[in-house]
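J.: Protein chains in written order, with our numbering: chain U, 73 to 376; chain G, 73 to 376; chain W, 73 to 376; chain D, 73 to 376.
All C-beta atoms in this analysis are idealised placements derived from N, C-alpha and C, irrespective of residue type, glycine included.
#1: Three or more beta-carbon pairs under 8 Å between the segment 317-330 of chain G and the segment 353-361 of chain G, yes or no?
#2: What are the boundary residues of the alpha helix (DSSP H) that includes residue 326 (chain G)?
#3: Nearest by alpha-carbon distance to residue 276 (chain D): which of D:141, D:109, D:83 is it?
#4: Return helix, strand or coil for residue 125 (chain U), following the three-state DSSP convention.
#5: When the cut-off is 8 Å and only beta carbons count, does residue 144 (chain U) lie next to chain G?
#6: Using 8 Å as the cut-off, can you tell me whether the segment 151-167 of chain W makes contact with the segment 151-158 of chain D, which would need three or more C-beta pairs spanning the two stretches below that distance?
#7: Tell me, which residues are paired with residue 347 (chain U) by DSSP?
#8: In three-state DSSP terms, what is residue 95 (chain G)?
#9: Take the Cβ of residue 321 (chain U) as the centre, count every other Cβ of all protein chains shown within 10 Å, and call the residue buried at 16 or more, exposed below.
#10: Looking only at its own chain, which residues have a Cβ that is under 8 Å from the Cβ of residue 192 (chain D), when we skip the five neighbours before and after it?
#11: What in chain W is Cβ-close to residue 236 (chain D), meaning under 8 Å?
#12: Mind pulling the chain W residues with CB within less than 7 Å of residue 198 (chain D)?
#13: In chain order, what residues of the segment 319-346 of chain D put their CB closer than 7 Å to some CB of chain U?
#14: Please compile the residues from chain G whose C-beta is within a distance smaller than 8 Å of the C-beta of residue 113 (chain U).
#15: Would you call the segment 111-120 of chain U and the segment 267-282 of chain U touching, i.e. three or more CB-CB distances under 8 Å?
#16: Would a check of beta-carbon distances place residue 300 (chain U) closer than 8 Å to chain D?
#17: Give the single residue among W:102, W:91, W:84, W:161 whose Cα lies nearest to the Cα of residue 123 (chain W).
#18: From the DSSP output, in three-state form, read off residue 313 (chain U) for me.
#19: Which runs of the alpha helix (DSSP H) fall wholly inside the segment 165-228 of chain U and span at least 4 residues, in chain order?
#20: Taking 8 Å as the threshold (beta carbon to beta carbon), is residue 213 (chain D) in contact with chain W?
#21: Give the interface partners of residue 60 (chain W) over in chain G, defined as CB-CB distance under 8 Å, in chain order.
#22: For residue 248 (chain U), count neighbouring C-beta atoms within 10 Å of its own C-beta (all shown protein chains included) and say buried if the count is 16 or more, exposed if not.
#23: How is the beta strand (DSSP E) around residue 268 (chain D) delimited, first residue to last?
#24: From the beta carbon of residue 376 (chain G), is the nearest beta carbon of chain W less than 8 Å away?
#25: By DSSP's criteria, residue 376 (chain G) is part of a beta bridge. Which residues make up the other side?
#26: Residue 203 (chain W) and residue 197 (chain W) look like a contact to me (Cβ under 8 Å); what is the Cβ gap, rounded to whole Å?
#27: With hydrogens ignored, establish whether the beta-carbon of residue 81 (chain W) is closer than 7 Å to any heavy atom of the ligand SAH.
#28: Does the Cβ of residue 219 (chain D) have 16 or more other Cβ atoms within 10 Å, making it buried, or fewer, making it exposed?
#29: Am I right that residue 125 (chain D) and residue 75 (chain D) are in contact with their C-beta atoms under 8 Å? What's the rounded C-beta distance?
#30: Would you mind telling me which residues of chain W sit closer than 7 Å to residue 83 (chain D), beta carbon to beta carbon, in chain order?
#31: Could you give the DSSP three-state label for residue 233 (chain G): helix, strand or coil?
#32: Residue range of the alpha helix (DSSP H) that residue 77 (chain D) falls in?
#33: Leaving out the 5 sequence neighbours to the left and right, which residues in its chain are closer than 8 Å to residue 303 (chain G) when beta-carbon positions are compared?
#34: For the alpha helix (DSSP H) that residue 142 (chain D) lies in, which residues bound it at each end?
#35: Of the choices D:88, D:77, D:79, whose alpha-carbon is the least far from that of residue 347 (chain D)?
The structure is reproduced here in structure tokens:
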């Protein structure tokens with residue numbers, strides 16, 4: 073076992089010139105222009121300092137990583153009532169998310185597939201006074217950084233091309249599992265996905281998930297019982313149909329986004345963020361996964 | 073074997089007081105108010121006169137029966153090119169129409185499930201100059217009756233509640249199998265379904281399907297090769313997941329609508345229309361199916 | 073429209089040297105050795121003589137075509153009771169026959185997919201005194217030819233390699249939709265598929281399906297009501313997931329087998345048999361399908 | 073937070089008289105006779121002693137819990153080569169295990185659904201000299217107890233009624249993912265499931281999963297890298313389609329069996345075993361799940 077800093081340095085030098093860096097997501101025009109050579113890892117320990125390598129100050133679109141934050145906010149606000157509208161089981165397959173939703177009559181399998189995240193968005197639209205502003209404030213508070221903002225061009229871009237999300241949301245509506253208007257909920261959802269942060273900001277934002285529910289300012293945002301449940305859902309469902317692989321290879325609760333970011337936590341020890349915009353076939357950051365697998369192998373630590 | 077008139081009279085008196093008349097469709101508010109005691113059968117032979125029993129002059133919403141007419145128009149206009157965008161196979165299951173569309177990557181199984189009919193609507197929106205007006209004129213010409221019209225309240229009603237159709241259409245769009253705007257295509261689609269006719273008008277409109285493609289005024293609207301193919305699709309796909317039952321019990325090409333209408337043809341012999349608004353669990357007119365099964369049993373004629 | 077003989081001659085000369093003749097079935101070792109250049113068409117009209125072209129006297133394995141004969145025997149013996157154990161709806165997809173059986177809890181979709189044919193075999197094993205001998209006698213009587221027999225090597229070949237059929241039959245047993253032993257039912261089933269006939273014999277055997285249920289010796293084997301239902305099932309389900317195509321392109325009730333045979337009937341007019349061992353990707357004879365499509369196009373006759 | 077002993081005592085007294093104890097598995101006749109009032113919990117810490125409550129000395133059939141042991145043996149013997157024949161992803165649904173296997177062409181989703189465990193059994197049948205004897209010796213060594221044995225009546229009982237397992241195994245064979253004979257592999261599989269142990273024995277057998285791969289006698293049976301992977305698969309796949317619930321409610325890697333047993337581990341801390349033969353609708357021990365949820369709640373410890 074080696075120390076964290078040495079591990080990060082070794083991993084960075086091993087991977088930064090990897091011949092295959094995956095493919096940048098093309099279905100969102102605004103994301104298709106990102107340079108696939110960006111690569112960063114940032115680690116923050118609870119007791120032992122922080123280390124970063126690579127482009128740790130470059131902002132990127134956090135995309136689906138935002139689903140952990142909306143879930144946490146909705147869970148804190150509404151408690152177990154949210155589980156009447158969305159499950160906590162892994163979804164198994166990627167290709168049939170809409171099929172699953174139809175078969176299971178409008179109850180999404182979990183809050184991290186799009187349909188489930190849209191139900192959570194609907195709950196926040198119903199509950200928050202000014203949904204987009206209030207949620208942004210929540211994220212800024214977790215990050216302890218008021219400069220964090222939505223990228224409005226990315227949100228607009230998704231609004232014009234996100235037909236599959238419109239399909240999902242209308243299907244939820246047809247099953248009476250959407251309380252607000254389709255357009256209003258998707259406007260919120262496309263914005264939450266379009267939040268921009270750099271690795272350091274994102275890492276700080278996720279401090280509470282390693283720290284028993286307390287953010288960097290030591291304020292409790294989730295009680296321990298809820299916190300361990302959100303971490304469990306991250307492990308079970310955080311990487312779509314590659315969740316099993318991630319648990320098997322890395323062994324940490326985590327969440328990926330098509331912007332190329334991944335966050336993961338070792339409870340009571342550390343938060344780690346990677347960013348590499350090239351994705352594998354399952355839509356997860358290729359170098360990010362490799363970096364995290366190397367990290368838990370080299371450090372011989374995981375939740376298992 | 074008995075003559076047609078006697079058969080119709082016997083069937084009408086047997087069924088008109090049936091204790092179970094099925095349930096009127098509730099998902100379209102405008103249709104939910106129809107009196108389930110309405111019941112009519114109308115038969116028009118090519119060589120042997122016409123007979124009707126019951127409420128043959130009451131108008132009803134033809135709904136999915138319109139899909140045969142849009143298919144015929146699109147097939148006549150565009151020929152076999154339409155089969156690149158929609159198949160001709162039965163769909164098997166009702167509950168998974170959206171699942172099927174997702175699995176088969178946006179190519180609907182056939183033109184009579186909603187997704188397929190929406191693709192056909194998209195073709196007509198692309199091809200016709202004034203889609204709604206032009207299609208209405210086509211129907212009026214087939215029916216030889218300029219009084220036929222859309223029921224605009226029914227169309228509006230579907231527009232406000234048809235979330236599943238919005239889901240389907242957005243999914244088609246996400247697979248690049250919709251060339252026009254979602255709202256524009258659905259506006260056309262909701263109107264085609266909202267055409268109103270009585271049994272006599274509907275029966276006349278379908279004259280061409282028993283008469284080698286020639287309408288009541290003897291004008292050819294489909295050549296023989298196309299006509300037999302539309303009839304084949306009616307047989308294979310006209311009653312959703314009850315298509316096998318209908319072929320098995322009745323043995324005629326036909327099409328049902330949730331307004332309670334059914335049309336069927338014995339090629340070169342007759343066209344028959346039934347209307348009874350109460351539906352069975354599969355969404356087909358309960359008394360209509362029973363009437364047609366009795367009719368082909370009593371007359372010992374079918375395509376088999 | 074041209075006369076039948078001219079049509080057959082033209083079709084034979086057009087297709088006999090076709091560059092693509094499909095691929096002979098390989099999964100049954102005994103069938104893999106058949107020469108793909110075999111090609112025959114045989115037509116028998118009810119009132120207008122018989123015509124044949126090509127290898128009409130060469131025997132081949134009728135395979136799934138036998139399912140029509142076992143269905144007819146079981147339907148004649150047990151009546152509508154058989155429909156409690158098997159449906160009459162098309163199955164939609166090829167790749168998920170076992171999935172469908174699992175989803176629909178052991179009730180096969182129709183008697184022409186393997187699971188349904190195995191249930192019919194189970195019914196015959198329960199009902200016939202000496203199942204294999206009695207069924208062979210039934211076929212010999214229909215064909216008016218006592219030389220017809222099982223090919224025991226083909227039956228044995230399937231017994232050693234038919235693991236998917238063992239899977240299906242055990243699944244039926246787990247759902248209590250198999251009353252006899254798995255091995256006993258499959259022994260019967262593998263034999264029924266291994267019946268050998270030439271085109272002329274097969275054509276005669278199917279005489280009853282064009283002749284209102286009466287065989288070549290004018291004995292009634294199915295009453296009219298049952299006969300039209302078996303023909304309906306042939307149309308809806310006779311070509312697996314290509315049933316819609318066959319209805320669309322050919323427009324006749326029919327049934328194919330992986331031995332390369334196809335039979336089809338125009339009720340009250342004729343029976344037609346084709347044999348060409350090369351199959352398309354859906355497991356139906358490639359030249360056979362083309363020949364039948366040309367035949368109904370040239371003669372401008374079909375059930376539609 | 074309270075100490076372990078107090079927690080166990082409280083849980084036992086809370087649950088032992090629970091009005092709803094679930095239903096004993098009926099599909100295996102030998103298991104149907106077990107008294108549903110049996111209830112036991114046994115905890116063994118690595119550093120802090122052992123505690124037990126209830127019927128901790130009564131033997132029961134470990135059933136699917138054995139899948140962890142066969143996986144560990146096969147993984148130790150063959151390394152990563154086993155992952156060419158079975159995946160590590162959760163399966164999502166219970167009702168479609170056979171469907172999944174068909175869709176994914178014979179590669180089981182993970183080693184804890186029956187199809188995956190049968191592939192692992194096939195690997196052991198190919199690799200071990202005397203499969204049943206050698207595997208029993210492996211279990212005895214882990215348990216440090218040579219009295220452990222198969223219950224041959226239970227194994228025989230499954231052999232006569234396990235049609236679904238025969239279906240699965242034949243399907244694997246049809247996809248060339250079974251190297252040995254169906255009957256030989258199932259004979260091994262039915263025996264592994266029929267191992268009998270009491271809670272104390274089972275708890276000792278699983279010592280290595282909490283102790284970095286070392287058994288109670290401190291011998292290494294799995295290296296750390298393999299050990300964490302087996303624990304990850306337990307968490308992701310150990311409770312069928314209730315895996316998400318278990319991670320959410322309990323938060324420990326674990327495995328259940330239809331005999332009513334559950335084992336779970338907190339790595340580097342403890343192994344806990346529960347036994348209560350009444351099952352919930354998903355086939356997992358009802359009281360066992362409740363006991364484990366209470367235990368991690370009261371002790372405020374889990375992997376998250």
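T.: According to the structure data:
#1: yes
#2: That residue, residue 326 (chain G), is in no alpha helix (DSSP H); its beta strand (DSSP E) goes 326-328.
#3: D:141
#4: strand
#5: no
#6: no
#7: U:112, U:333
#8: strand
#9: buried
#10: 139, 142, 143, 146, 154, 158, 183
#11: 242, 243, 246
#12: Neighbours of residue 198 (chain D) on chain W: none; closest Cβ ~18 Å, over 7 Å.
#13: 319, 320, 323, 325, 339
#14: The premise fails here: residue 113 (chain U) is roughly 34 Å from chain G at the closest Cβ pair, so nothing lies under 8 Å.
#15: yes
#16: yes
#17: W:84
#18: helix
#19: 169-175, 186-199, 203-215
#20: no
#21: Past the boundaries of the shown model lies residue 60 (chain W); chain W is included only from 73 to 376, so the question cannot be answered.
#22: exposed
#23: 267-269
#24: yes
#25: According to DSSP, which records beta bridges pairwise, residue 376 (chain G) is partnered with nothing at all.
#26: 5 Å
#27: No copy of the ligand SAH appears in this structure; indeed no ligand is present at all.
#28: exposed
#29: Not quite, the Cβ-Cβ distance comes to about 14 Å (not below 8 Å), so this is no contact.
#30: The contacting residues do not exist; residue 83 (chain D) stays about 37 Å from chain W at best.
#31: helix
#32: 76-87
#33: 281, 325, 337, 339
#34: 138-150
#35: D:88
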